[in-house]
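Below is one structure; the comments refer to it alone.
Numbering (the numbering used here), first residue to last: 31 to 267.
Below is the structure:
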């Protein structure tokens, strides 16, 4: 805890303030909100899940909600002892997601700090803390928010020049949460390839292997939740 910078604590507090001041959700968040609720309270009783009756326009992956629910579940026991409602449990769910984004951003900022100096890292964190859009949406259970955790991780790996691992995380982000990210990552990865810091063959092989394992995880899990064979992000393409 001692190595956490004061500007990182400030980011975390600003995120928490945004959660408290804007407790309620938008319709775009409804799938992940309900998915987190159902996984937390109904476990494997799929017949109770909301999405089978109100499926939405396109299927979305349950991987993000599962990650949040796994952390939330132990908290539910203690929250019930305090006789709190489900609204408070959802606040904690948003804090978990927001915390993941802040952690990912803080790691990215530290990589920036290593490259450009401590003042740059501090000002980057303070500037982001002042940006309403980032601080408001970093705790919102949207597909973009889950993807943001991985996007910031990719940026961090780029600054650390860990390009192969960056390819892995980028592949997961593209094929699990947002296929449109290929438009962001494509030009970015061209730079180390042109500079010969990353071999094109290595990037392609690493990406294909990661894609295989990503599909091996998302397809069985999401097919069970949706009760049909499905690769959610594949149906959006």
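Idealized CB from N, CA, C, for every residue including glycine.
What you are looking at is a predicted structure, and each value in this text was computed from that prediction instead of being measured.
| Item | Value |
| --- | --- |
| Cβ-Cβ distance between residue 99 and residue 69 below 7 Å | yes |
| Own chain, CB closer than 7 Å to residue 93, minus 5 neighbours either side, in chain order | 206, 248, 251 |
| Where the alpha helix (DSSP H) through residue 85 begins and ends | That residue, residue 85, is in no alpha helix (DSSP H); it is neither H nor E in DSSP. |
| Euclidean distance between Cα positions of residue 89 and residue 82 | 10 Å |
| Residue 31 to residue 226 span [Cα, whole Å] | Reliability fails at residue 31, whose pLDDT of 46 lies under 50, so the model's placement of it is uncertain and the value that follows must be treated cautiously. One C-alpha to the other measures close to 39 Å. |
| C-alpha distance - residue 184 paired with residue 215, whole-angstrom precision | 9 Å |
| Nearest candidate by alpha-carbon position, reference residue 55, set 41, 79, 121 | 121 |
| Exposed unless 16 or more other CB atoms sit within 10 angstroms - verdict on residue 63 | buried |
| Closest residue to residue 38 among 177, 200, 139, 203 (Cα-Cα distance) | 139 |
| Burial state of residue 254 (16 or more Cβ within 10 Å) | exposed |
| Inter-stretch contact (C-beta, 8 Å, three-pair minimum) for the stretch 191-203 and the stretch 140-158 | no |
| Beta-carbon gap between residue 276 and residue 267 smaller than 7 Å | In the structure displayed, the chain extends from 31 to 267; residue 276 sits before or after that span and is not available. |
| C-beta atoms of residue 49 and residue 170 nearer than 7 Å | no |
| DSSP three-state assignment for residue 140, whether helix, strand or coil | helix |
| For residue 112, the three-state DSSP class (helix, strand or coil) | coil |
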